[in-house]
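Heads up, the sequence shown is in this note's numbering, so the first residue is 820 and it goes up one at a time. A virtual CB, placed ideally from N, CA and C, is assigned to each residue, including glycine. Okay, structure first, notes after.
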Amino acid sequence: MIIRHVKIINFRGIRSLDWHIPIRFVVLVGPGDSGKTSVFEAIDVALGRQWYTPTDADFLDGNPANQILIEVTVGELPEKFFHYHGYGTCLRGWAAGVLHDEPQHGDEEVVTVRLHIDASLDPTWTLVSNRDPEGVPIRGRDRSKLGLHRLGTNVDHQLGWGRGSLLTRKSEAADDLHSVFAGVARKIRQETHTEGISGITDVIANTQRIADEIGVDITGLKAAINASDLSLGSTLLALHQADVPVKQMGLGSRRLLAIGLEMDAVAHDGIALVDEIEHGLEPYRIHTLMQRMRRLADGSHGQAFLTTHAATVICDCTVTDLHIVRNHHGAMTITQVPDTNDMRMLVRTAPEALLSRRVITCEGRTEYGMCRGLDAAWTATGKKSLAAKCCVPVEAKGNCAGSGMSRDLHSLGYQVCFFGDSDVDVNPTWTELAQIGITVIRWREPNASEHAVFTSLAWSDLMALLAEVPQADEPSYFGTIAANAHVTGANNWTAPLVTWQDSLALRSALAAMAKRAAWIKNIDMGDRIGRMAVVGMPATSLADDFRTTLERLRTWIDAA
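Put into structure tokens, the structure is as follows:
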């Protein structure tokens, strides 16, 4: 099965959402409290088997007058689904992202499940179409045929034979678990293990197989009496490693094993939801779990939905897997990340940018390093850090890449500022970026960063900076610098740089050589420059321009 469309009105923090879903593997990314989990909750209560008991807190703004409407359109339906209670009359058509109320030739056949909740708090589930607005009631057992599974929500419960747990359902397929419990109750006075009870062995073996495949280091699994809970009404039997309950393992191991068990129960055409997939997991375990989730989507007819706040997860995704969630006073949008070279580079090199609200696209390593140094120096003076302003600087690897990346991020709802050189033409142009609402901060034209830095820093700071560039003191450079400076006699051009006398012509010559030889094109040098710029700069017109540029950057940061 596959979810094709989701519509949500007045559910929790979502006033409205109209989401067409183009692919099978969907990763939702967005700032905290944007409503990602609420989207999963809405899908779960609409398609899930269990009865849902709403409260006033489920209505938008906690107001029961805001009636809840959730519609989920599902395609690639199992043939047997149409034999239930005349559901075939509720068929609709889907083609190229468009929902047709009456199926047309070549359309995929889909159904739309509607959950409606009013002030009475009595939920109703129906299959609807424009032909039959009242719809046909659909029962929980029939909704379960649509294959939805919410994974990782009740980890410890899934690691024992409790009411409704996965291990219980699997055991019921092999034996009568009620009889097993009765047998355990009779034997509990004489035995402290359950090896002889039928219906458990196969489940243990299967659980061991899943643990091995998914990377949970656990051996000697068995079902034993849970010493911490001897009530037959709860989890009397629980997975143990030797004599230690598995639910006493670390959070990551428990969660990974539980999700692995749940995924094993998902049919090849099922739909899986996992909220905050990275929770409790190391990067290599995240990668393992992501691979299993992707197999459900890529290798069969199923679908997987994830949410994340982790850069590791984003790096494991293709660009088009990622969907950015925005919530503006309840009006939610979910937008697929465009498959452009700039966004592919961003996902691989600076995935943390997608987890922020505001992004500074830095032309290169120098500007990126400067942002880091400025941030440290500003914070030391009592200003709020970039992180506190929900702002992340990223290295764009060139003006052209920075221009395109800025445009793509802006289209996804990020507040964007470009920071870099003014010596290269780009596409889209700086004017075009400004026209769509992107702040462009550049050095005075036609300056590169090197010219801005070398003509603005205090001479002592500049010499300290060049002291960290080994090649800057190579005599082979001195003749070129002297020729470019167009001066004679003021300096001994064979002496070390630190002995040379300050002049604008010399600064310009040094800037030209620094650009040619890439003396400051690295993050560490940029960091030093950023710190120097905040601590103190000379009172010159060129320094004033440099200072004004940085003040514009700080003003943009503080505008949040």
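Remark: three or more beta-carbon pairs, one from each stretch, lie closer than 8 Å, so the region 1166-1185 and the region 1208-1223 are flagged as touching. Membership of G954 in any alpha helix (DSSP H) is not indicated; the residue belongs instead to the beta strand (DSSP E) covering D951 to P956.
The C-beta of A884 has fewer than 16 other C-beta atoms within 10 Å across all chains shown, which makes the residue exposed.
Taking 7 Å as the cut-off, the Cβ atoms of F1124 and A1271 do not count as close. When DSSP states are grouped into helix, strand and coil, I821 belongs to the strand group.
Counting other Cβ atoms within 10 Å of its Cβ, Y1187 reaches 16 or more and is therefore classed as buried. In the structure shown, the three-state DSSP call for S948 is strand.
The Cβ atoms of G966 and A1086 sit closer than 7 Å to each other. Beta-bridge analysis with DSSP links A1057 to G979 and A1043. By the Cβ neighbour-count rule, Y1103 is exposed, with fewer than 16 other Cβ atoms within 10 Å of its own. Residue burial is scored here from C-beta neighbours: Q1254 has fewer than 16 other C-beta atoms within 10 angstroms and is therefore classed as exposed. Each residue's CA atom was taken as its position, placing R1167 and R1074 some 27 Å apart. If you draw a straight line from the Cα of D1227 to the Cα of E898, it is about 42 Å long.
Two segments are said to touch when three or more pairs of C-beta atoms, one from each, lie closer than 8 Å; by this definition the region 1199-1209 does not touch the region 1157-1171. For V1259, the enclosing beta strand (DSSP E) stretches over residues T1258 to R1261. Relative to the Cα of K826, the nearest Cα in the group D1036, A865, N882 and D926 belongs to A865.
Counting along the chain, W838 sits inside the beta strand (DSSP E) bounded by residues I833 to H839.
Contact between M1224 and L1165 holds: their C-beta atoms lie close to 6 Å from each other, under 8 Å. By the criterion of a C-beta distance shorter than 6 Å, V1156 is surrounded in its chain by V1138, L1141 and M1162, once the five residues flanking it on both sides are discounted. Per DSSP, R843 lies in no alpha helix (DSSP H) and is assigned neither H nor E. In terms of CA proximity to G1355, L1281 leads the group L1281, R950, V917 and G1149.
Residue burial is scored here from C-beta neighbours: Q1234 has at least 16 other C-beta atoms within 10 angstroms and is therefore classed as buried. In this structure V929 is buried. Its beta-carbon is surrounded by 16 or more other beta-carbon atoms within 10 angstroms.
Taking the Cα of A1084 as reference, the smallest distance to any Cα among D1363, R1111 and T1250 is reached at R1111. Within the region 1082-1134, the runs of alpha helix (DSSP H) that reach at least 4 residues and sit entirely inside it are, in chain order, 1102-1117 and 1130-1134. Burial state of V893 is buried, judged by a 10 Å Cβ sphere holding 16 or more other Cβ atoms. An exposed status is given to I842, since fewer than 16 other beta-carbon atoms sit within 10 Å of its beta-carbon. Boundaries of the alpha helix (DSSP H) around E1269: S1268 to F1273. In this structure L940 is exposed. Its beta-carbon is surrounded by fewer than 16 other beta-carbon atoms within 10 angstroms. When Cβ pairs closer than 8 Å are counted between the two stretches, the region 952-960 is seen not to touch the region 1054-1071, the count staying below three.
If you draw a straight line from the Cα of I1023 to the Cα of R982, it is about 18 Å long. Using a 10 angstroms sphere on the CB of D1194, the tally of other CB atoms reaches 16 or more, which defines it as buried. The Cβ-Cβ distance between P873 and I821 does not fall below 7 Å. The DSSP-derived three-state label of R1074 is helix. Assignment of L970 by DSSP, reduced to helix, strand and coil, places it in the strand class. In this structure, V846 is the residue among N829, F830, V846 and D877 with its C-alpha nearest to the C-alpha of V1144.
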